[in-house]
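Participant: Protein sequence lines, in the order shown, are assigned to chains A and B. First residue of the first sequence? That's 1 in our numbering, and the numbers climb one at a time after it. First residue of the second sequence? That's 486 in our numbering, and the numbers climb one at a time after it. For every residue, glycine included, the Cβ atom is placed at its ideal position computed from N, Cα and C.
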Amino acid sequence: MGETAKHSELTFQLIVESAPNAMILVNKEGRIAFVNGQTEKLFGYNRNELIGQGVEIIIPARYRERHPSFRNMFFTSPQARAMGAGRELFALKKDGTEFPVEIGLNPLITVEGTLVLAAIIDITERKRAEERFRLVVESAPNAMVLVNKEGKISLVNSQTEKLFGFSREELINRGVELLIPLRFKDKHPEYRDSFFSTPKARSMGVGRDLYAKRKDGTEFPVEIGLNPLETDEGPMVLAAIIDITERKAQEANRLKSDFLANMSHELRTPMNAIIGFSELLIDQKVGGLNTKQLDYLQDIHTSGSHLLRLINDILDIAKIEAGKTELSIESFSITAAIEEVIKVLKPIADKKNVIVQIQMADDVHTISADKNKFKQILYNLASNAIKFNHTGGSILIQTENGGANSFRMKIKDTGIGIARENIRKLFIPFVQLDTGTARKHEGTGLGLALTKTIIELHGGAIAVESAIGEGTIFTVTMPFETKIA
Amino acid sequence: MVVEDNSVNLKLAKDLLELDGFEVWPCTDAETALERLKDMRPDLILMDVALPGIDGLELTRMLKGDHSTETIRIIALTAFAMKADKDRVMEAGCDGYITKPVDTRKFTQQILEFLK
Chain A
1 MGETAKHSEL TFQLIVESAP NAMILVNKEG RIAFVNGQTE KLFGYNRNEL IGQGVEIIIP
61 ARYRERHPSF RNMFFTSPQA RAMGAGRELF ALKKDGTEFP VEIGLNPLIT VEGTLVLAAI
121 IDITERKRAE ERFRLVVESA PNAMVLVNKE GKISLVNSQT EKLFGFSREE LINRGVELLI
181 PLRFKDKHPE YRDSFFSTPK ARSMGVGRDL YAKRKDGTEF PVEIGLNPLE TDEGPMVLAA
241 IIDITERKAQ EANRLKSDFL ANMSHELRTP MNAIIGFSEL LIDQKVGGLN TKQLDYLQDI
301 HTSGSHLLRL INDILDIAKI EAGKTELSIE SFSITAAIEE VIKVLKPIAD KKNVIVQIQM
361 ADDVHTISAD KNKFKQILYN LASNAIKFNH TGGSILIQTE NGGANSFRMK IKDTGIGIAR
421 ENIRKLFIPF VQLDTGTARK HEGTGLGLAL TKTIIELHGG AIAVESAIGE GTIFTVTMPF
481 ETKIA
Chain B
486 MVVEDNSVNL KLAKDLLELD GFEVWPCTDA ETALERLKDM RPDLILMDVA LPGIDGLELT
546 RMLKGDHSTE TIRIIALTAF AMKADKDRVM EAGCDGYITK PVDTRKFTQQ ILEFLK
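1) Which whole-angstrom value is the C-beta distance of Cys579 (chain B) and Thr554 (chain B), which I expect to be below 8 angstroms?
2) Buried or exposed: which applies to Gly52 (chain A), given that a residue is buried once 16 or more other Cβ atoms fall within 10 Å of its Cβ?
3) Is Thr399 (chain A) near Ala361 (chain A), with beta carbons less than 8 angstroms apart?
4) Counting only the same chain and skipping the five closest in sequence on each side, list residues whose C-beta sits under 6 angstroms from that of Glu190 (chain A).
5) Could you tell me how far apart the beta carbons of Ile395 (chain A) and Ile411 (chain A) are, in whole angstroms, since I believe they sit closer than 8 angstroms?
6) Would the stretch 138–155 of chain A and the stretch 257–267 of chain A be scored as touching if the rule is three or more Cβ pairs under 8 angstroms?
7) Just the C-alpha distance for Ala119 (chain A) and Ile24 (chain A), rounded to the nearest angstrom, thanks.
8) DSSP three-state call for Gln59 (chain A): helix, strand or coil?
9) Distance cutoff 8 angstroms, beta carbons only. Does His301 (chain A) sit that close to anything in chain B?
10) Taking Cβ-Cβ distances shorter than 8 angstroms, what residues in chain A pair up with Arg590 (chain B)?
11) Nearest chain A C-beta to Pro537 (chain B) closer than 8 angstroms, yes or no?
12) Given Phe599 (chain B), which residues of its chain have a CB within under 8 angstroms of its CB, disregarding the five upstream and five downstream residues?
13) Going along the chain, which residues of its own chain have a beta-carbon closer than 6 angstroms to the beta-carbon of Ile342 (chain A), five neighbours each way excluded?
14) Let me check understanding here. Comparing Cα to Cα, which of A:Gln359, A:Asn72, A:Lys28 and A:Glu49 lies closest to Thr335 (chain A)?
15) For Asp258 (chain A), name the three-state secondary structure that DSSP assigns.
16) With DSSP as the reference, label Glu421 (chain A) as helix, strand or coil.
17) Given Gly541 (chain B), which residues of its chain have a CB within under 6 angstroms of its CB, disregarding the five upstream and five downstream residues?
18) Would you kindly work out how many angstroms separate the C-alpha atoms of Leu345 (chain A) and Met486 (chain B), rounded to a whole number?
19) Below 7 angstroms CB to CB, which residues in the same chain sit around Gly417 (chain A) once its five sequence neighbours on both sides are set aside?
20) Which chain B residues are close to His188 (chain A), counting only those with a beta carbon under 9 angstroms from its beta carbon?
21) Which one or two residues does DSSP pair with Gly581 (chain B) in a beta bridge?
22) Report the rounded CA-to-CA distance for Ala564 (chain A) versus Leu597 (chain B), giving the unit in angstroms.
23) From the DSSP output, read off the bridge partner residues of Asn173 (chain A).
24) If the criterion is Cβ atoms closer than 8 angstroms, does the pair Leu42 (chain A) and Ala22 (chain A) meet it?
25) In angstroms with no decimal places, state the Cα-to-Cα distance between Glu88 (chain A) and Val101 (chain A).
26) Can you name the residues of chain A whose CB is closer than 7 angstroms to the CB of Lys499 (chain B)?
27) For Ile314 (chain A), write down the residues that DSSP places opposite it in a beta bridge.
28) List the residues of chain B whose Cβ lies closer than 7 angstroms to the Cβ of Ile275 (chain A), in chain order.
29) For chain A, is any of its Cβ atoms less than 8 angstroms away from the one on Met575 (chain B)?
30) What are the residues in the stretch 543–572 of chain B lying within 7 angstroms of chain A by C-beta distance?
31) Does the Cβ of Asn72 (chain A) have 16 or more other Cβ atoms within 10 Å, making it buried, or fewer, making it exposed?
Take a look at the structure:
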């Protein structure tokens, strides 16, 4: 070996020695030609124990067999590259412990032929940090998606799988556009680029309504928090995705009930003057009126009162549908409640000469329900039974045990009956059946719709049987004890 | 005293009460009512809830929290007729609650009951 060669070898050794990583020089046959101090430290060997040995000494047993073929491949086309791209690499210490590594390979042409210089980095700490990060992401209560600059998903947690209906495998390395509704897809790369140009933690799409898309194509409203993250694989963005369907629904419900309260107020205010002043005039407290004037005023008053009933019924239905009706459940005697309603209906029944009979079952006594609403159900059904009855007809109110902790209340009349094709129309708001005598039977057209809604609110049901000319039976089935949902 | 911002409804309440011999001081907002209460003591105030500026419930709280006015009976007269509305009104300190539309045939009788 000449002076120059010796000098350059010395220089090479000095450089390798001062490298911050473990560096190992290996020849074509897989023998270790040289190691630096960092290698000794990392693997726990003295350099004399390594030099001249097969490189397999620092490779875990399970990888040893394949190593020569990988090495041969490197020497066939020697160029600087990372070892085992895409695979996880492990190294073996003298004491037999394994640790994860990253290895860079560099060919070195020498007089003794081509060698490979391997730079070995212990990535135990990095792996641990990655694992911690993965655990944190996994344990987050929200869906978390880690996306790179190109929009590829690199990590998701199980909340993401649950929320979107995709499995992890279906998402990793796919474009994040997979989770975005079609109409927002085009704009997304642009937004992503602008995030990466000034990466800082912020909410996505402030002022815009954001939606995400599940695997089945359905959409849901979301709120998304973005956090920039520097990783080995370049800058990424960690997106925390919250499903705000529930919150939106609550907000909509609140707006709806505010609207109801305001509408009720605004409609009642003028009704006060219309009904009040017409009453005042009809009562002739401020002076006498002729028959025609009195007649017209009665019309105003009747129409005003009708309108008020409509407003009340509509608001009742709307309140129930908005989930704003709270039942005040109490225990009461069903017989007493039925008798109270009949007392109110008596004058109307008497006017039409309709007989009202009650038949109470022995085993139906006390029920738990909203008493006022229960009476409203019976009042609506029984007053219909009187209204659509013949003069001199009769109605029968019957109770019976329905089994399964429920009771039935039947209201039978001897009235005009309802045609089969009309029965399903009964509970549709404002659809009054064309009985040929329609205008004879004044009502809001909401009574049955409201009745049905109230029964269902109690967890009950209503059924109708009818025969033209013979009469109708309404059957209400309700639990003995209504539970508040 | 009747505190009511809707002039038509104010007229109705005032006329109904005057027909039955009551003396009525009408006010169209809380500020006017407070001004007049400096030198007069009505037996009862009919209080609309939705008023511009200080609303009826706020005015009720002010009057019920002041020694010189706490004994005046206050009856809410309001078109807020839902169940929760009554709770809100009674919580504010009203002694009674009448919903609009009023029943003109029972109105003064209702007021007399509250004055007993």
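Facilitator: The short version:
1) Incorrect: roughly 13 angstroms between the Cβ atoms, too far for contact.
2) The residue in question, Gly52 (chain A), is exposed, as its Cβ has fewer than 16 Cβ neighbours within 10 Å.
3) Between Thr399 (chain A) and Ala361 (chain A), the C-beta gap is smaller than 8 angstroms, which places the two residues in contact.
4) Counting only Cβ-Cβ distances below 6 angstroms, and skipping sequence neighbours, we find nothing.
5) Indeed, because the Cβ distance is near 7 angstroms, the residues count as touching under 8 angstroms.
6) With the cut-off at 8 angstroms, the stretch 138–155 of chain A and the stretch 257–267 of chain A do not touch.
7) Straight-line spacing of the CA atoms in Ala119 (chain A) and Ile24 (chain A) works out to 7 angstroms.
8) The amino acid at residue 59 (chain A) is misidentified as Gln; the sequence shows Ile. Three-state result, Ile59 (chain A): coil.
9) Using beta-carbon distances, His301 (chain A) does not count as an interface residue toward chain B, since no partner is under 8 angstroms.
10) Under the 8 angstroms cutoff, chain A gives Glu279 and Asp283.
11) Chain A, which has no Cβ nearer than 8 angstroms to the Cβ of Pro537 (chain B), makes this no.
12) Leaving aside the five residues that flank Phe599 (chain B) on each side, the residues in its chain whose CB is nearer than 8 angstroms to its CB run, in chain order, Leu529, Arg558, Ile560, Asp580 and Gly581.
13) These residues qualify, in order along the chain: Val356.
14) Nearest Cα to Thr335 (chain A) within the set A:Gln359, A:Asn72, A:Lys28 and A:Glu49: A:Gln359.
15) DSSP places Asp258 (chain A) in helix when its eight states are reduced to three.
16) If DSSP states are grouped into helix, strand and coil, Glu421 (chain A) belongs with the helices.
17) For Gly541 (chain B), where only same-chain residues beyond five positions count, the Cβ hits under 6 angstroms are Met532, Asp533 and Val534.
18) Roughly 39 angstroms between the two C-alpha positions.
19) Ser466, Ala467, Ile468, Gly469, Glu470, Gly471 and Thr472, listed in sequence order.
20) Within chain B, no residue has its beta carbon less than 9 angstroms from that of His188 (chain A); the closest one is some 45 angstroms off.
21) The partner list for Gly581 (chain B) (beta bridge, DSSP) reads B:Ile560.
22) The structure shown has nothing for residue 564 (chain A), since chain A only spans 1 to 485.
23) Note: Asn173 (chain A) sits in no beta bridge, so no partner.
24) Yes, Cβ-Cβ distance for Leu42 (chain A) and Ala22 (chain A) is below 8 angstroms.
25) Rounded to the nearest whole angstrom, the C-alpha separation of Glu88 (chain A) and Val101 (chain A) is 8 angstroms.
26) For Lys499 (chain B), no chain A residue has a Cβ inside 7 angstroms of its Cβ, as the nearest lies near 12 angstroms away.
27) Beta-bridge pairing links Ile314 (chain A) to no other residue.
28) Here the neighbours are Pro586.
29) No, no contact with chain A.
30) Under the 7 angstroms Cβ criterion, the stretch 543–572 of chain B contributes Ala564, Phe565, Ala566 and Met567.
31) Note on Asn72 (chain A): under 16 other CB atoms within 10 angstroms of its CB, so exposed under the neighbour-count rule.
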